[in-house]
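Input: a single structure, listed below in structure tokens.
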Amino acid sequence: MYQFSGKLKTFSLALILIGVIGVAFSFYSASNKTLDDAKHAITAANDHGHGSANADEHGSKVVDGNHDASGVHDTDKHIDKEMSAHGAHDDDSHAEHVLHQIQNRPWSALYVALFFFLGISLLVLAFYAAQRVAQSGWSIVLFRVMEAITANLVPTSIIMLVIIGLTVGHYNHLFSWMTPGTFDPESANYDPIVAGKSWWMNVPGWAIRSVIYLLLWNVYRWFIRKNSIAEDTANDGNKTYKKNYNASVIFLFVFMITESMMSWDWIMGLDPHWFSTLFGWYVLATLLVSALTIVAFVTIYLRSKGALPQVNDSHIHDLAKFMFGFSVFWTYLWFAQFMLIWYANIPEETTYFVARFNEYKLPFLAMVAMNFVFPVLLLLNSDFKSIPWFVVIGGIVILGGHYIDVFIMVMPATVGGQWGFGIAEISALLFFLGIFIYATFSAFAKASAIPKGNPFLEESEHFHYYNIEHRGEGSADHH
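The opening residue of the sequence shown carries number 226 in my numbering; numbering runs sequentially from there.
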């Protein structure tokens, strides 16, 4: 049985500690920001080109018979005098909005990393359930790997519950529709568009649904893990296996509903005016590619340690095929969503992409290249899919690209132009990476690496492709 090494355990705990320190520092720094800091940020943004663009659009001066030498019309001077009293107030209101964005940054960085790791754990669980329902033979020797990865669902769900509670308690400004007065026609904060969605977009409903999602996912995860281990020694005519099959069928049905609703509540709800009917599928695609990449990484690592002797290059090849295939699927959904919105050119739809392309141009374009161009070029060749180090290189880029994807889903709505990639973002990633490593490898060490009671185990152990076997793996590896 695999032993969770002291070095790896120490490494994971060190990541958690470093992450906690960095996250705490980022929150402390943001809490000390003032309106003056926000005004400096606005000035700096204007100096970097935003102000010149506005000047070109609004401040061009034409000298003719109706304008003075400065280019200001006489009536404009009168209007300016009347509006000057409002100028200071507007400046302060804008500065306060920017201050909220600055203070949101550590929250947003934590939220991006949390959603990324929680989503990966959830999609590994869904992929695992799909393998059981499809009665796939090739993947049986990977079952314990996938079960171990889903152990990360427990700590990330607990942290998500804490974030949900703090959000409902107005400790952050992540969800603008939760601003007091949004649904009150008598309030200055009244938003008629959001108010029209109040049947769904309301605090009690949002919080209750969030708790239900996490509860349902974790119940299945607990049930299937317990009964998967029980399969090893059941010897009951496959009754335990059939029970697990039936539970997986039910879970996949529940998952497809709750995943879409989760995407609306936790991500699309950050931009309450905007919506996309493809969004649930889009989020599923980005998390599924990431989940398959993580399964490949953990499998390759454990095999290198001798913990998965039954896993061969053909299993790695199939994982890489899924990584390649769902990268293409993600690109199809990204393009379909983008093209339809671009072609229709409806203002309430295009603002979503305008904000991301204007303020996040580099990560926005890099994400497309990292999530499509690179995986296609690297993994298109069948031979490359079975070379572990090649899969790792491709996987690193894929994970980076899909982290950026989640980053771009969240940040423009919560921090606007006050984004960056620094202590807050790196610390949050290290924190959840440490938790992931500890949860995954400690769970893997607690059970047999091989699901001995699964009726398709022998098929999985003998699984191979002819070309891969005769390229380097001898027939003895597939006896």
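Ideal Cβ positions, reconstructed from N, Cα and C, are used throughout, including at glycine.
- Around the CB of Lys610, 16 or more other CB atoms lie within 10 Å, so the residue is classed as buried.
- Annotation for Leu624: Ser515, Thr518, Ile519 place their beta carbon closer than 8 Å to its own, counting only its chain and skipping 5 residues before and after.
- Between the alpha carbons of Thr524 and Lys422 lies a gap of roughly 44 Å.
- Between the region 440 to 458 and the region 471 to 485, the count of C-beta pairs closer than 8 Å reaches three or more; the two stretches touch.
- Within a 10 Å sphere around the beta-carbon of Gly505 sit 16 or more other beta-carbons, which makes this residue buried.
- Per DSSP, the continuous alpha helix (DSSP H) segment holding Thr465 begins and ends at 464 to 491.
- With respect to Leu602, Phe615 sits apart: the two C-beta atoms are not nearer than 8 Å.
- Relative to Ile243, the option among Lys671, Phe666, Leu658 whose CA is nearest is Leu658.
- The continuous alpha helix (DSSP H) containing Gln562 extends over residues 538 to 569.
- By alpha-carbon distance to Ala532, the top candidate from Val370, Ala355, Thr381 is Val370.
- Inclusion of Ala653 and Ala338 in the CB contact set at 8 Å is warranted, their separation being smaller than that value.
- In the three-state scheme derived from DSSP, where H, G and I count as helix and E and B as strand, Tyr577 is classed as helix.
- Distance from the CA atom of Ser552 to the CA atom of Ile365, rounded to whole angstroms, is 23 Å.
- The beta carbon of Lys232 sits closer than 8 Å to none of the beta carbons in its chain outside the five residues before and after it.
- Note that the C-beta distance between Ile383 and Ser435 is not below 8 Å.
- In the three-state DSSP reduction, Pro637 falls in the helix class (H, G or I).
- At a Cβ-Cβ threshold of 8 Å, Leu495 and Arg446 do not count as neighbours.
- Taking a cut-off of 8 Å on C-beta distances, the region 638 to 647 touches the region 319 to 328, as three or more cross pairs fall below it.
- In the displayed model, Asp416 falls within coil according to three-state DSSP, outside both helix and strand.
- It is roughly 19 Å from the alpha-carbon of Lys468 to the alpha-carbon of Ile675.
- In the three-state reduction of the DSSP assignment, Glu584 falls in the helix class.
- Here the region 460 to 474 makes contact with the region 347 to 358; the two share three or more CB pairs at distances below 8 Å.
- Assigned with DSSP and collapsed to three states, Met595 falls in helix.
- Between Met564 and Phe578, the alpha-carbon positions lie close to 11 Å from each other.
- Take the alpha-carbon of Ser673 and the one of Thr458: they are about 11 Å apart.
- The three-state reading of DSSP puts Trp644 in coil, since its state is none of H, G, I, E or B.
- Shown here, Gln228 sits in coil according to DSSP, grouped into three states, outside any helix or strand.
- The closest CA to that of Trp555, considering only Ala638, Pro331, Asp630, Phe582, is found on Asp630.
- Remark: C-beta atoms of Val617 and Phe547 do not approach each other more closely than 8 Å.
- Contact between Pro497 and Trp424 does not hold, since their C-beta atoms are separated by about 13 Å, which reaches or exceeds 8 Å.
- If you look at Trp402, you'll find it isn't in any alpha helix (DSSP H); DSSP assigns it neither H nor E.
- Around the beta-carbon of Ser529, fewer than 16 other beta-carbon atoms lie within 10 Å, marking it exposed.
- Closest by C-alpha distance to Ala591, out of Ile633, Asn679, Phe681, is Ile633.
- The three-state reading of DSSP puts Asp496 in coil, since its state is none of H, G, I, E or B.
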